[in-house]
Amino acid sequence: MSQQLTGAQIMCEALIREGVDVMFGIPGGAIMPFYFAMWEYRDRLRHVLCRHEQGAGHAAEGYARATGRLGVCIGTSGPGVTNLVTPIADAMMDSTPLLAICGQVGSHVLGKDAFQETDITGITMPITKHNYLVKDPNDLAYVFKEAIYIATTGRPGPVLIDITKDAMQKSAIPNWDVKLNLPGYKPTYQPNRKQIREAIKLLASAKKPLIIAGNGVIMAGAHEELRHFAERLRLPVITTLHGIGAFPEEHPLSLGMPGMHGWVHCNRAIQECDVLFNIGGRFDDRVTGKASTFAPNAKVIHADIDPSEIGKNVKVTVPIVGDARLTLQALLEELPSREELADLHANASDWMEYIRDLQDRHQGKQQYINRASTLNMSLPPHDVYASLNQTLAERGNYIVVTDVGQHQMWAAQLLDWNAGPRTHITSGGAATMGFSVPAALGAAVAHPDKTIWVVCGDGGFQMTNQEMATIVQEGIKNIKIAVINNGYLGMVRQWQELFENKRYSGTPLSGPDFAKLAEAYHWKGITVEHASEVQAAIDEAHATDGPVLIDFRVEREVNVFPMVPQNSSIGDMITEESGA
Amino acid sequence: MKQHTIVALVQDRPGVLSRVAGLVRRRGYNIASLAVGHSEQPGISRMTIVVESDYVEQVVKQLYRLIEVIKVSDVTDDPTVEREMVVLKLHVPPSARHEIVSMCGVFEAKIVDVGTSTMIVEMTGAPAKVENFIEVVRPHGIKEMMRTGRIAMVRGARGHNAEQYVETGNGMSVPTLN
Ligand SMILES: Cc1ncc(C[n+]2csc(CCOP(=O)(O)OP(=O)(O)O)c2C)c(N)n1
Ligand SMILES: [Mg+2]
């Protein structure tokens, strides 16, 4: 193909060649040539007009996390692209493949403080996997190819391309066949066999072995391999917040979530284990607590695709660099015979018994119920989760998108995560309030056949709820929102209650009538104030052929337990009985 | 605080210097000096960065995250040849000329400009020797000073070679068993 195209047309062609079929964005002066060209391609490149670029960015993230494919967002120069900064940082923290396409002022005025000029490549340098400034249409075909390759391979992440307006307007003959030249970027997918054998040796000799599974398992599609591996060795499996979905919680080897709001038995198991195998997790400080006190008795095997993660927070005995799926496959290939594993099997079964006993003694879920009934709450948050949990399990085919705060931790704790990878989407690393509603929009675009449930707080909901209009304009019907409305920035209030003597500085929060707000957006809005109304509301949401919001006016001052105070050992947990 | 000498091979593209410097800045470490120039391979530059920090292991590892960084080594404790150049404009009245000229002879410094009351001298050597020379001439009055920053090269066959790396590919950044 040696036809002259405008830079903007080359951009569209490049996206289509890379398999992109939907983008989320907002136009403006500098990016107008791209929108002009996009019109010709509208049957192949769907554009979803968002109400805020932050929404566009999170929608692209939601799309990416629901599918594993690249998410694409668009903003215009200046405020358009600075509004993309938060989702870009979020995608960086959670390793989400994201492409941000930015319009820039004309190259002749670049650096002259032109109208709506912002140095977005400078701003986003530390929060992108890579970024580009393109001033020549001849570079576009190559840059798009390279950018998408970088965003989607190795440890995925956000890549930004800033394109001057004239580079989109001028014409060039695109060269689609240039080979990528990235001598410094060669992600390691195949693990080193020697290390694989070391890992097996260490695990086989363990008395108290443990697996921690993180986001890497989901991104690599390694959940089946993880299950086989855990079953073959009979190892208990802990799943991090981002590992939810990597291992079914109903599985007899599943323990649940560790860390700041993890279960007591999970954290105790970590503190007592002698071999810890972390696959695809990065030992975030919300998992480790005070890192120097983490897993004091354990030899650690850490498998990650990013070599710079290994040894960053926790000392590692066997480092494995590679893709989670290939790593687990290699481990399965190197497994010793059943006889050789006999000791391990015996030890692991005693160990599991011990952990289950701990679990029975610290019934985290039950404690929420006990506390609600002693205090005679009219709508305990727990009841909302219990009904939702049961309904989701019965109906299947869903994705839950959570926001950031207490409601997020309750969702992680109280819903039973058995529906597989990519059914739990949340902002973990950056913990970006306002993530959930736009991310659900992206997930709904990706999966029109699934029910997308948003579980968000009244605080986060008020940050980005304008995307409810986008959802209506796009004709999306499969989104249901549950606002866990406690009238507080609840998670911060909880810290104030526990550590600052209830000085509720800046946390009581009012809002509009959310059901009426929903109605104003042409959604169905339902208000629930009593536990007895919860199930009917959830059923009505499912029965309604269109987007529905339920405002759950829950008990205001309920806490998330167990809890590890910041920078403490995960062995020291505050529980419902001890803390409240 | 310890000074670490880091040598990095990078693709010669706009912004690469900024990215490398940014990774160090993010931790609040000071860069004592930074020298960049073309390497033996077209399109690839070699940098020597002197970082003031007791702990640079994470910086070295995370530099690999940068797409354009091909190879990084902390050569602080390796046998290296280190060089730096300083150019000094000295206040030299005719009466002091003779002494400066003989001092330059001792340090193998070159006199590159002579004015009525000034001289510009150029001196290249190991960083400690450069430091020493500066101290020796300082009493005469330094009007201007400019240093290139350190460049470092590992001695012997063990190289830090672009071509070699390009061929061997990904294994480079895999940490070894401890
Ligand atoms: C954008 C952003 N601002 C501030 C915070 C700090 N923060 C963490 S949780 C939280 C409270 C969230 O309140 P709400 O959305 O009502 O959820 P709740 O904890 O009450 O369930 C705040 C303010 C954040 N994570 N993100
Ligand atoms: Mg709240």
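Protein chains in written order, with this note's numbering: chain A, 810 to 1389; chain B, 2 to 179.
All C-beta atoms in this analysis are idealised placements derived from N, C-alpha and C, irrespective of residue type, glycine included.
From a predicted model like this one, the values you see are computed outputs, not experimental measurements.
#1: Candidates 908/A, 911/A, 1334/A and 1073/A: which alpha carbon is nearest residue 1222/A's?
#2: Using a beta-carbon distance below 8 Å, is residue 53/B in contact with chain A?
#3: CB residue 832/A to CB residue 867/A, shorter than 8 Å?
#4: Give the residues from the segment 9-23 of chain B that approach chain A closer than 9 Å (Cβ to any Cβ), ordered along the chain.
#5: Against chain A, which members of the segment 69-90 of chain B pass a CB distance test of less than 9 Å?
#6: Across which residues does DSSP place residue 913/A in a beta bridge pair?
#7: Below 9 Å between beta carbons is the criterion; list the residues of the segment 904-937 of chain A that meet it against any residue of chain B, in chain order.
#8: Would you mind sorting residue 1184/A into buried or exposed? The rule is 16 or more other CB atoms within 10 Å of its CB.
#9: Is DSSP giving residue 1015/A helix, strand or coil here?
#10: Using a Cβ cut-off of 7 Å, pull out every chain A residue sitting near residue 65/B, in sequence order please.
#11: Mind pulling the chain B residues with CB within less than 7 Å of residue 959/A?
#12: For ligand 1, any of its heavy atoms closer than 7 Å to the Cβ of residue 1213/A?
#13: Kindly say whether residue 1010/A, judged by its beta-carbon, lies nearer than 8 Å to any beta-carbon of chain B.
#14: Below 8 Å, how does it come out for the segment 1314-1321 of chain A and the segment 1259-1278 of chain A: are there three or more Cβ pairs, yes or no?
#15: Indicate whether at least one CB of chain A lies closer than 8 Å to the CB of residue 27/B.
#16: Kindly list, in the order they appear in chain B, the residues whose Cβ is closer than 7 Å to that of residue 991/A.
#17: Which residues in chain B sit within 7 Å of residue 994/A, going by Cβ to Cβ distance?
#18: Is the CB of residue 1121/A under 8 Å away from at least one CB in chain B?
#19: Sorted by chain position, which residues of the same chain lie with C-beta nearer than 8 Å to residue 1305/A's C-beta, five sequence neighbours on each side aside?
#20: Cβ of residue 81/B within 7 Å of any heavy atom in ligand 1?
#21: Beta-carbon of residue 939/A versus every beta-carbon of chain B: anything under 8 Å?
#22: Quick check on this structure: which residue in 1355/A, 1339/A, 844/A and 1144/A has the alpha carbon closest to the alpha carbon of residue 1331/A?
#23: Just to confirm, does residue 1269/A get its C-beta within under 7 Å of one of the non-hydrogen atoms of ligand 1?
#24: Quick check: is the beta carbon of residue 1/B nearer than 8 Å to any beta carbon in chain A?
#25: Helix, strand or coil, according to DSSP, for residue 1362/A in the structure here?
#26: Grab me the residues of residue 1178/A's own chain with a C-beta within less than 7 Å of its C-beta, minus the 5 sequence neighbours each way, in chain order.
#27: Grouping DSSP H, G and I as helix and E and B as strand, with all else coil, what is residue 815/A?
#28: At a cut-off of 7 Å, is residue 1237/A close to ligand 1 when judged by its beta-carbon and the heavy atoms of the ligand?
#29: Just by C-beta distance, which residues in the segment 32-63 of chain B are closer than 7 Å to chain A?
#30: Measure the CB-CB distance between residue 865/A and residue 887/A and report whether it falls below 8 Å.
#31: Helix or strand or just coil, what does DSSP make of residue 876/A?
#32: For the beta strand (DSSP E) that contains residue 1236/A, what are its first and last residues?
Well, looking at it:
#1: A check of alpha carbon separations from residue 1222/A across 908/A, 911/A, 1334/A and 1073/A identifies 1073/A as the nearest.
#2: Using a Cβ-Cβ cut-off of 8 Å, residue 53/B does not count as an interface residue toward chain A, since no Cβ of chain A sits closer than that to its own.
#3: Contact: no.
#4: Within the segment 9-23 of chain B, the residues whose Cβ lies closer than 9 Å to some Cβ of chain A are 10, 11, 12, 15, 16, 19, 20 and 23, listed in chain order.
#5: For the segment 69-90 of chain B, residues whose beta-carbon sits nearer than 9 Å to a beta-carbon of chain A comprise 69, 70, 71 and 72.
#6: DSSP, once it has assigned bridges, lists 973/A as partnering residue 913/A.
#7: Of all residues in the segment 904-937 of chain A, 930, 931, 934 and 935 have a Cβ within less than 9 Å of some Cβ in chain B.
#8: With a 10 Å radius around the Cβ and a threshold of 16 neighbouring Cβ atoms, residue 1184/A comes out exposed.
#9: Residue 1015/A falls in the coil class under three-state DSSP.
#10: Listed along chain A, the residues sitting closer than 7 Å to residue 65/B by beta-carbon distance are 1116 and 1117.
#11: 68, listed in chain order.
#12: For ligand 1, at least one heavy atom lies less than 7 Å from the Cβ of residue 1213/A.
#13: Judged by the 8 Å Cβ criterion, residue 1010/A is not in contact with chain B.
#14: Yes, the segment 1314-1321 of chain A is in contact with the segment 1259-1278 of chain A.
#15: Chain A, which has a Cβ nearer than 8 Å to the Cβ of residue 27/B, makes this yes.
#16: Ordered by position in chain B, the residues that pass the 7 Å Cβ test against residue 991/A are 68.
#17: Against residue 994/A, the close residues of chain B are 68, in the order they occur along the chain (beta-carbon pairs closer than 7 Å).
#18: So, interface residue.
#19: Cβ neighbours of residue 1305/A beyond the five flanking positions: 1311, 1312, 1313, 1314 and 1316.
#20: No, the Cβ of residue 81/B stays beyond 7 Å of every heavy atom of ligand 1.
#21: Chain B, which has a Cβ nearer than 8 Å to the Cβ of residue 939/A, makes this yes.
#22: The residue with the shortest Cα to Cα distance from residue 1331/A is 1355/A.
#23: Result yes, Cβ under 7 Å from ligand 1.
#24: Any question about residue 1/B goes unanswered here, given that chain B covers just 2 to 179.
#25: DSSP places residue 1362/A within a strand segment (E or B) once states are collapsed to three.
#26: Here the set comprises 1191.
#27: Of the three classes helix, strand and coil, the one that applies to residue 815/A here is strand, per DSSP.
#28: Within 7 Å of the C-beta of residue 1237/A there is not a single heavy atom belonging to ligand 1.
#29: When C-beta distances to chain A are compared with 7 Å, the residues of the segment 32-63 of chain B below that value are 59, 62 and 63, in chain order.
#30: Not closer than 8 Å, so no.
#31: The three-state reading of DSSP puts residue 876/A in helix, counting H, G and I together.
#32: Here residue 1236/A belongs to no beta strand (DSSP E), and DSSP marks it neither H nor E.
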